[in-house]
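These protein sequence lines are chains A and B, in that order.
Under my numbering, think of the first position of the first sequence as 3, with each following residue one higher.
Under my numbering, think of the first position of the second sequence as 3, with each following residue one higher.
The structure under discussion appears below in the form of structure tokens.
Number of protein chains: 2
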Amino acid sequence: MQINISKAQQFIAADALEALAPQVKAAQEALEQGTCQGNDFLGWLHLPSSITPEFIDEINATAKVLQENCEAVVVAGIGGSYLGARMVIDALSNSFSWLQPSNMPRILFAGNNIGEDYLTELIGYLKTVKFGVINISKSGTTTETAITFRLLKKMCEDQRGKEEAKKVIVAVTDAKKGAARTTADKEGYKSFIIPDNVGGRFSVLTPVGLLPIAVAGYDIASLVKGAQDMEAQCDVNAPADQNPAAVYAAVRNAIYQTGKKIEIICNYQPKLHNLGEWWKQLYGESEGKDGKGIFPAAVDLTTDLHSMGQWIQDGERTIFETVVSVENPNTCLEVPSDEENLDGLNFLAGKRIDQVNKMAELGTQLAHVDGGVPNIKISIEKLDEYNIGQLIYFFEKACGISGLILGVNPFNQPGVEAYKKNMFALLNKPGYEAESAAIQAKLG
Amino acid sequence: MQINISKAQQFIAADALEALAPQVKAAQEALEQGTCQGNDFLGWLHLPSSITPEFIDEINATAKVLQENCEAVVVAGIGGSYLGARMVIDALSNSFSWLQPSNMPRILFAGNNIGEDYLTELIGYLKTVKFGVINISKSGTTTETAITFRLLKKMCEDQRGKEEAKKVIVAVTDAKKGAARTTADKEGYKSFIIPDNVGGRFSVLTPVGLLPIAVAGYDIASLVKGAQDMEAQCDVNAPADQNPAAVYAAVRNAIYQTGKKIEIICNYQPKLHNLGEWWKQLYGESEGKDGKGIFPAAVDLTTDLHSMGQWIQDGERTIFETVVSVENPNTCLEVPSDEENLDGLNFLAGKRIDQVNKMAELGTQLAHVDGGVPNIKISIEKLDEYNIGQLIYFFEKACGISGLILGVNPFNQPGVEAYKKNMFALLNKPGYEAESAAIQAKLG
């Protein structure tokens, strides 16, 4: 993985990064020493290097049980409990895998919305296949996930019988407490632990992400190896300019300080769409608090050059871009020659599609920079487990540093409670009697 | 369709809308009289009422040919040439349709990126099915779409033979000029016209959107009827407060003028995800110019309350929300009771899933408004062709009015050329010799 900030530096003061260097260093040391805000949620920091081959074997063994017994596996989880797995699986999967036969179970994501049609249709589909469930919830009472799991547990038991269902329902939850833990222990489900000190958005390298990724058939050992190597590269003692996480954290704060309020993550590979969704939670939830924080947005390119491209080129000059570029495709396809050349494309004949894509990427970078949009470029060699593992840890480490530079607690999410509290009050949840009365009075 | 701005008005001056009223009126009249900027692109304004039953029959007849001869139909197009069709098809389709047998062709979207793996994998899939192509391009030389069409045309001809291929390749293009028109005429493809005075992002009710939607098996007559009824409701002579497009255009400009720079479109139905993508092009490309314009963003709720929710609740107070709410689901599912109630959900037992969703929606609105986020609510009765037709015209009309209030030409997109010009120069396209030399000199 490489980071290139040469097209961002012209938009910040010459000494801006130097001026931030002490804060970057202090943030890294505070993370390392556990002296920063949110220091009860630093389990992600040395998570990759703590993962043993035996632990990976245990996850793979459970994945094998699901693979052998299920045509579909539903991952029930919301936010950090599905965004990481979805990102990795999509990045590695055939773009049209849904339409083709597979010897691996289909991985479906549910428990992340309260759509009546969505759940009805999910159930309709699951009636036609042998399915399993990975229930991912620290508490087991997150509304979206709990409703879904209640429906699917019953359905799975009806379909296979209670004994057989136990084989294909796996819990990823708290070590000791909560409804999902109680249920898992009572029913005898295989279970994995969400560590207390790893927040949802930093949990993709725990069983939260690793188990679904393994079930989908991908090599989690390589994924973890990539993260481990990046953990070493981003070590607190590495020189700041050779630590990509420190570089990214510093430059995005420097740009933000100039009044650029929106960061747009861009990819040129459709399979990276969900990297943007994962990244939005990671950065938005870590930094969007206390009335501050860069607003995270995402585009797929060149696709969205014909959608958001106009705004990016000519709208308010309050944005900057971070491009995740993949150096080499995994396949090989050339633009064919055509005798008649009615479309005028013969000047591209014999070129690989990716060569055209790379020139679109470079042309876009030049156009956007000329248009006043700072550009940060992150490159990975190819789309595989190892490189994605690197990317994951890089973005996590940079996020921790960046949030501390910004002066927020990057590891809490107090604002997420506000809607839940209102929803429970409106639904007359036991224990919310006072809130119910208050909200009904407010609504009149 | 209803619009409710009561939760937005507290964030703007009491007389803000009244003050904008003359501009709203002037914008509507300028659209009607064709005296505004961009007046050569006003074909969308009375498009719905101009669509005849015979024209719909013609589209349906072509759709039938594709349905009868194809297991998959690739829609090759970028930006406005696919976002509208994708929005409508996704809103109406079973959430898990990909995994289930269908008597309608699979609708695939391509020609909207330059991903080598994407195209390789598309071709790999298409080798296994009988497919057709709808090639949607005004010029026929848009790089992304033209490369894809060159590949698919050859493949389709190889698969079926040239004569049979002609039956299942349809062109939606310019009436007279351009590569796609020339090819269609030469090959004898069935073709439909993209009117000169309808820009891509306003084209979903032309064959650009209608043909793919019809091929997917949906009722385009109802879609058009919804749009026609909304066209009448948004008439220039309707009282402004009963014209939802005028209301929306005014209130979002009033909010923008208070310094809220980002509008987030929200849904509570996963099927509306691509409404957000269509809307982002419509508004971003229409208004993001001359250094101004609201930045359009989208979230899926409650899903993204566990992702962007923290930022929305507590980040910079520079955002507002527009919620598209669906009053009634199309299916029926209740939260089941559970004897043990380990998850504590029995307080919801017997409630429909959608009742929970609606309380999440109300609870979120209250939480976000309390957090300083103005809220505009747009409601439709249900997800069907008629209601989506209403929504389409509503957003288009409001966009035209809104852009004129902002003082930009809402109907051009000059910024989209910048990357193309660089890309062609970098790829040494014939005719770009001077630009090639210049860009190479710049790159050193």
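Beta carbons: idealized from backbone N, C-alpha and C, even for Gly.
Here the structure is a predicted model, which means the values were calculated and not measured.
is_contact[residue i, chain A] using C-beta, thresh 7 angstroms
{"i": "B:L368", "result": "yes"}
{"i": "B:D160", "result": "no"}
{"i": "B:R254", "result": "no"}
{"i": "B:Y258", "result": "no"}
{"i": "B:V337", "result": "yes"}
{"i": "B:Q35", "result": "no"}
{"i": "B:I7", "result": "no"}
{"i": "B:P272", "result": "yes"}
{"i": "B:G163", "result": "no"}
{"i": "B:V358", "result": "yes"}
Cutoff 7 angstroms: residue i Cβ touching any chain B Cβ
{"i": "A:N115", "result": "yes"}
{"i": "A:I390", "result": "no"}
{"i": "A:E107", "result": "Reading the sequence as shown, one finds Pro at residue 107 of chain A and not Glu. Chain B contact via Cβ: absent."}
{"i": "A:W313", "result": "yes"}
{"i": "A:K384", "result": "no"}
{"i": "A:S141", "result": "no"}
{"i": "A:V418", "result": "yes"}
{"i": "A:Q1", "result": "Residue numbering for chain A in the displayed model covers 3 to 446; residue 1 of chain A lies beyond these limits and cannot be assessed."}
{"i": "A:R152", "result": "yes"}
{"i": "A:P331", "result": "yes"}
Residue i to residue j span [Cα, whole Å]
{"i": "B:G180", "j": "A:T64", "result": "57 angstroms"}
{"i": "A:E165", "j": "A:Y191", "result": "10 angstroms"}
{"i": "A:L68", "j": "A:A420", "result": "37 angstroms"}
{"i": "B:G142", "j": "A:Y270", "result": "22 angstroms"}
{"i": "A:V210", "j": "B:F151", "result": "41 angstroms"}
{"i": "A:I394", "j": "B:I195", "result": "47 angstroms"}
{"i": "B:G417", "j": "A:K379", "result": "22 angstroms"}
{"i": "A:P412", "j": "A:A87", "result": "21 angstroms"}
{"i": "B:N199", "j": "B:K140", "result": "12 angstroms"}
{"i": "B:T54", "j": "A:T333", "result": "47 angstroms"}
{"i": "A:W46", "j": "A:E189", "result": "30 angstroms"}
{"i": "B:D243", "j": "A:A229", "result": "56 angstroms"}
{"i": "B:V337", "j": "B:P241", "result": "44 angstroms"}
{"i": "A:A234", "j": "A:M3", "result": "13 angstroms"}
{"i": "A:G117", "j": "A:G79", "result": "14 angstroms"}
{"i": "B:L49", "j": "B:L207", "result": "8 angstroms"}
Residues that residue i contacts on chain B, provided the C-beta gap is smaller than 7 angstroms
{"i": "A:M425", "result": "M361, A362 and G365"}
{"i": "A:A10", "result": "Those do not exist, as A:A10 stays about 17 angstroms from chain B at its closest Cβ, beyond 7 angstroms."}
Buried/exposed call for residue i, threshold 16 Cβ in 10 Å
{"i": "A:G201", "result": "buried"}
{"i": "A:D345", "result": "buried"}
{"i": "B:P376", "result": "buried"}
{"i": "A:G36", "result": "exposed"}
{"i": "B:L85", "result": "buried"}
{"i": "B:P331", "result": "buried"}
{"i": "A:S51", "result": "exposed"}
{"i": "B:L303", "result": "buried"}
{"i": "B:D306", "result": "buried"}
{"i": "A:L445", "result": "exposed"}
{"i": "B:G261", "result": "exposed"}
{"i": "B:N114", "result": "buried"}
{"i": "A:D316", "result": "buried"}
{"i": "B:N239", "result": "exposed"}
{"i": "A:E265", "result": "buried"}
Residue j beta carbon less than 7 angstroms from that of residue i
{"i": "A:L385", "j": "A:V328", "result": "yes"}
{"i": "B:K2", "j": "B:D119", "result": "Here chain B comprises residues numbered 3 to 446, so residue 2 of chain B is not present and cannot be evaluated."}
{"i": "A:A223", "j": "A:I58", "result": "yes"}
{"i": "B:A400", "j": "B:Y258", "result": "no"}
{"i": "A:K282", "j": "B:S309", "result": "yes"}
{"i": "A:G293", "j": "B:L428", "result": "no"}
Amino acids of chain A, ordered along the chain, whose beta-carbon sits closer than 7 angstroms to that of residue i
{"i": "B:A148", "result": "D345 and L347"}
{"i": "B:P432", "result": "F349"}
{"i": "B:V282", "result": "Sequence inspection shows Lys at residue 282 of chain B; the Val mentioned does not correspond to that position. Neighbours of B:K282 on chain A, chain order: S309 and M310."}
beta-carbon residue i near the ligand SAH non-hydrogen atom, thresh 6 angstroms
{"i": "A:K129", "result": "Among the components modelled here there is no ligand, and therefore nothing to report on the ligand SAH."}
Within chain A, partners of residue i - CB distance below 8 angstroms
{"i": "B:S97", "result": "G117, D119, Y120, E123 and L124"}
{"i": "B:R319", "result": "G293"}
Partners in chain A for residue i, counting only beta-carbon separations shorter than 9 angstroms
{"i": "B:V375", "result": "Neighbours of B:V375 on chain A: none; closest Cβ ~11 angstroms, over 9 angstroms."}
Partners in chain B for residue i, counting only beta-carbon separations shorter than 9 angstroms
{"i": "A:G40", "result": "Correct list: empty, because the minimum Cβ distance to chain B is about 13 angstroms."}
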